[in-house]
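Comments concern the structure below.
Protein chains: 2
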Amino acid sequence: MRTTTLADLGEDRLVAQLSSLLASGPSVRTGIGDDCAVLGPRNAPLWQLLKTDAVVEGVHFTPDTAPRRIGWKALCRPISDIAAMGGSPEHALVTIAARRDLPAAWLRALYRGIEAAARRFGVHVVGGETARSPGPLFLSIALTGSVPRPHCVLRSGGRPGDALYVTGRLGGSLAGHHLDFIPRLEEARWLVSNFKPRAMMDLSDGIGSDLPRLAAASHCGFHLDEEKIPRNPGCSLAQALGDGEDFELLFALPPRRCAALEAAWKTTFPRLPLSRIGALTPPTRATKRTPHNAPAAHGFDHFA
Amino acid sequence: MRTTTLADLGEDRLVAQLSSLLASGPSVRTGIGDDCAVLGPRNAPLWQLLKTDAVVEGVHFTPDTAPRRIGWKALCRPISDIAAMGGSPEHALVTIAARRDLPAAWLRALYRGIEAAARRFGVHVVGGETARSPGPLFLSIALTGSVPRPHCVLRSGGRPGDALYVTGRLGGSLAGHHLDFIPRLEEARWLVSNFKPRAMMDLSDGIGSDLPRLAAASHCGFHLDEEKIPRNPGCSLAQALGDGEDFELLFALPPRRCAALEAAWKTTFPRLPLSRIGALTPPTRATKRTPHNAPAAHGFDHFA
Chain A
-19 MRTTTLADLG EDRLVAQLSS LLASGPSVRT GIGDDCAVLG PRNAPLWQLL KTDAVVEGVH
41 FTPDTAPRRI GWKALCRPIS DIAAMGGSPE HALVTIAARR DLPAAWLRAL YRGIEAAARR
101 FGVHVVGGET ARSPGPLFLS IALTGSVPRP HCVLRSGGRP GDALYVTGRL GGSLAGHHLD
161 FIPRLEEARW LVSNFKPRAM MDLSDGIGSD LPRLAAASHC GFHLDEEKIP RNPGCSLAQA
221 LGDGEDFELL FALPPRRCAA LEAAWKTTFP RLPLSRIGAL TPPTRATKRT PHNAPAAHGF
281 DHFA
Chain B
-19 MRTTTLADLG EDRLVAQLSS LLASGPSVRT GIGDDCAVLG PRNAPLWQLL KTDAVVEGVH
41 FTPDTAPRRI GWKALCRPIS DIAAMGGSPE HALVTIAARR DLPAAWLRAL YRGIEAAARR
101 FGVHVVGGET ARSPGPLFLS IALTGSVPRP HCVLRSGGRP GDALYVTGRL GGSLAGHHLD
161 FIPRLEEARW LVSNFKPRAM MDLSDGIGSD LPRLAAASHC GFHLDEEKIP RNPGCSLAQA
221 LGDGEDFELL FALPPRRCAA LEAAWKTTFP RLPLSRIGAL TPPTRATKRT PHNAPAAHGF
281 DHFA
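Residue numbers (our numbering), protein chains in the order written: chain A, -19 to 284; chain B, -19 to 284.
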């Protein structure tokens, strides 16, 4: 019998398998399976958020990428996850594994990119580790944050009938956008304060795989109006569904709130499109059976 | 002119350079340069601890190492850092970058090693990320913890005249001990509750480079009585100084407390040696001049 590899299993099934090996705890509000871990006593006024995210040379950036842009991206990725919970980022630790012959100036430039993102989004970099890598550069950032309990939005709170929205435009991240994106921190904080979504996540693997995850976590099916998906200039529908690394917000809102949201959004963020792209539906048999295991149709699977 | 590489610079100077690029913040008690970041308002009863640590295939373990042992080691390393501050570990996030053809069973075994360490030392694994690696396996763990403010021990509190102690025996980690070590969590918590050290750290790179770091952080010199260094069976002095990955505690204590500590230690931890190996001294010119930059004589430098 052939050995099952990570590529055979795929990312979602792998995560589901590994999750089942791990114990939970009394101060864990949400662990594996959402954008961040949510920690704290059930009734605490403020919950802690915790996220790690890695970028790897040859996978998330090419060797000729400007180090400052790599640093910016590496910190903005987990900031986007904290934003998707309705929270604010706080402290970061930077772990780097690098070849011994890497120019020190290259690494300083990478740190300047991290620091630029840290300053812009109110993060303090408080430590980290440098280790040796035998080959590719590996950069992992751990980020803490906090969210007032009433503002915390999970992936799992959506209900059938909720309208689905995305911010910005999707697709074409490989043209460069994936290195310079702005996490939707300000927009997410405004949303949870004014029109709290029932479920929210950031789009990192493409709406084609991320939307099924949000729907599955909410024990719903979904309807997606493909014509309504906002595309970046020159992008096909397939690209908008599957390129990934959009780092836009996807969220679910009760229909009675939609008109008010759309009006307020236009005056608050006049330059950022907000698109109603579909709705959550009653669960289909597939989503009922495998809630953590939705098919990654169209989207980016790290091991596929 | 030849480009300066990480190997030219060495780990301590690299960390000093990168630190200077980063801003600090009002809730940062200690950032880069100690075993963990210490976070929280100055007068909070409990401070938060934050640490990341990475192990890389071909650097920290060989490809034929049993995955369960790799997982155990990967979590025990940052637990050892939390212990060295006098704290207790709480929540961990696991970031893995792996080749697509890695057997899924191998990764499950690695997670079982992580979970075994988590259960033993009271840690909850609350999430993480799996990414693709083009080559070697990378495993980075972010660990939170907490410490009652009066128990928190930094590297920087030592004073001239303080006695220096190490727990256990040093050297020979490559014979296998580095994969199965027990972080001195219980011993460190007992110490900070009963004989609070003025300065403490865990020995990860070898006492030959770690002791100069503790002394420099405390703005002291040091005297090391090499004959008193407790060695593992079959180890030379050079191995005890420089093999690294001992994960024992090194700490500084006022001399008037030494007799009481040694008596209490023997009854509390009868099977773990405690050795008085020297003392902190008034600063030498070298340590005054380069407090974050002590020479890594004899010890392990990740980029050397």
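Where a beta carbon is used, it is the ideal one built from N, C-alpha and C, also for glycine.
Limits of the unbroken beta strand (DSSP E) element including residue i
i, result
"B/G125", "118 to 128"
"B/E349", "Not covered by the structure: residue 349 of chain B. The range shown for chain B is -19 to 284."
Cβ of residue i within 9 angstroms of any chain A Cβ
i, result
"B/P275", "Reliability fails at B/P275, whose pLDDT of 40 lies under 50, so the model's placement of it is uncertain and no value is given."
"B/I12", "yes"
"B/G224", "no"
"B/L194", "no"
"B/P114", "yes"
"B/C215", "no"
"B/Y91", "yes"
"B/T(-16)", "yes"
"B/K285", "Residue coverage of chain B in this structure runs from -19 to 284, which leaves residue 285 of chain B outside it and unanswerable."
"B/T110", "yes"
"B/T42", "no"
"B/G67", "no"
"B/D182", "no"
"B/G201", "no"
"B/L165", "no"
Host alpha helix (DSSP H) of residue i (start-end)
i, result
"A/A54", "47 to 64"
"B/V146", "From DSSP, B/V146 is part of no alpha helix (DSSP H) but of the beta strand (DSSP E) over 143 to 147."
"A/P192", "187 to 197"
"B/L165", "165 to 174"
"B/H158", "157 to 160"
"B/L(-11)", "-14 to -11"
Between the CA atoms of residue j and residue i - distance to the nearest angstrom
i, j, result
"A/A286", "A/A97", "The requested residue 286 of chain A does not occur in the structure, where chain A is confined to residues -19 to 284."
"A/G151", "B/C16", "40 angstroms"
"B/R9", "B/I121", "22 angstroms"
"A/A239", "A/G67", "25 angstroms"
"B/T45", "B/L90", "10 angstroms"
"B/F249", "B/T147", "10 angstroms"
"B/F118", "B/E37", "6 angstroms"
"A/L191", "A/F175", "20 angstroms"
"B/R139", "B/L230", "14 angstroms"
"A/R80", "A/R149", "40 angstroms"
"A/V35", "B/L217", "40 angstroms"
"A/P128", "A/F202", "29 angstroms"
"A/P213", "A/L204", "21 angstroms"
"B/I257", "B/A232", "10 angstroms"
"B/S173", "B/H131", "7 angstroms"
Residue i - DSSP class collapsed to helix/strand/coil
i, result
"A/A111", "strand"
"A/S14", "Looking at the sequence itself, residue 14 of chain A is Asp, so the reference to Ser does not match. Reduced to three states, the DSSP call for A/D14 is strand."
"B/K208", "helix"
"A/A179", "strand"
"A/S(-1)", "helix"
"B/A24", "coil"
"A/R251", "coil"
"B/E225", "coil"
"A/G137", "coil"
"B/G306", "Nothing about residue 306 of chain B can be read from this structure; chain B reaches only from -19 to 284."
"A/H131", "helix"
"A/R100", "helix"
"B/P69", "strand"
"B/P234", "coil"
"B/L29", "strand"
Nearest-angstrom Cβ-Cβ length linking residue i and residue j, presumed shorter than 8 angstroms
i, j, result
"B/I209", "B/I187", "7 angstroms"
"B/I12", "B/L19", "Incorrect: roughly 13 angstroms between the Cβ atoms, too far for contact."
"A/S255", "A/Y145", "7 angstroms"
"B/S60", "B/F227", "5 angstroms"
"B/G93", "B/G141", "Going by Cβ atoms, the distance from B/G93 to B/G141 rounds to 43 angstroms, so no, they are not a contact pair."
"A/S136", "A/S184", "With 8 angstroms as the limit, A/S136 and A/S184 do not qualify as a contact, their Cβ atoms being about 18 angstroms apart."
"B/D14", "B/L134", "6 angstroms"
Cutoff 9 angstroms: residue i Cβ touching any chain B Cβ
i, result
"A/S120", "yes"
"A/V35", "yes"
"A/V127", "no"
"A/D81", "yes"
"A/L(-6)", "yes"
"A/P271", "In this prediction, A/P271 has a pLDDT of 35, which is less than 50 and means its spatial position is unreliable; nothing more can be read from the coordinates."
"A/A240", "no"
"A/H158", "no"
"A/G302", "Not covered by the structure: residue 302 of chain A. The range shown for chain A is -19 to 284."
Under 8 angstroms by beta carbon: chain D residues contacting residue i
i, result
"A/Q(-3)", "The structure shown contains no chain D; the protein chains it does contain are A and B."
Any non-hydrogen atom of the ligand NAD within 8 angstroms of residue i CB
i, result
"B/G152", "In the structure on display, the ligand NAD does not appear, and there are no ligands present to speak of."
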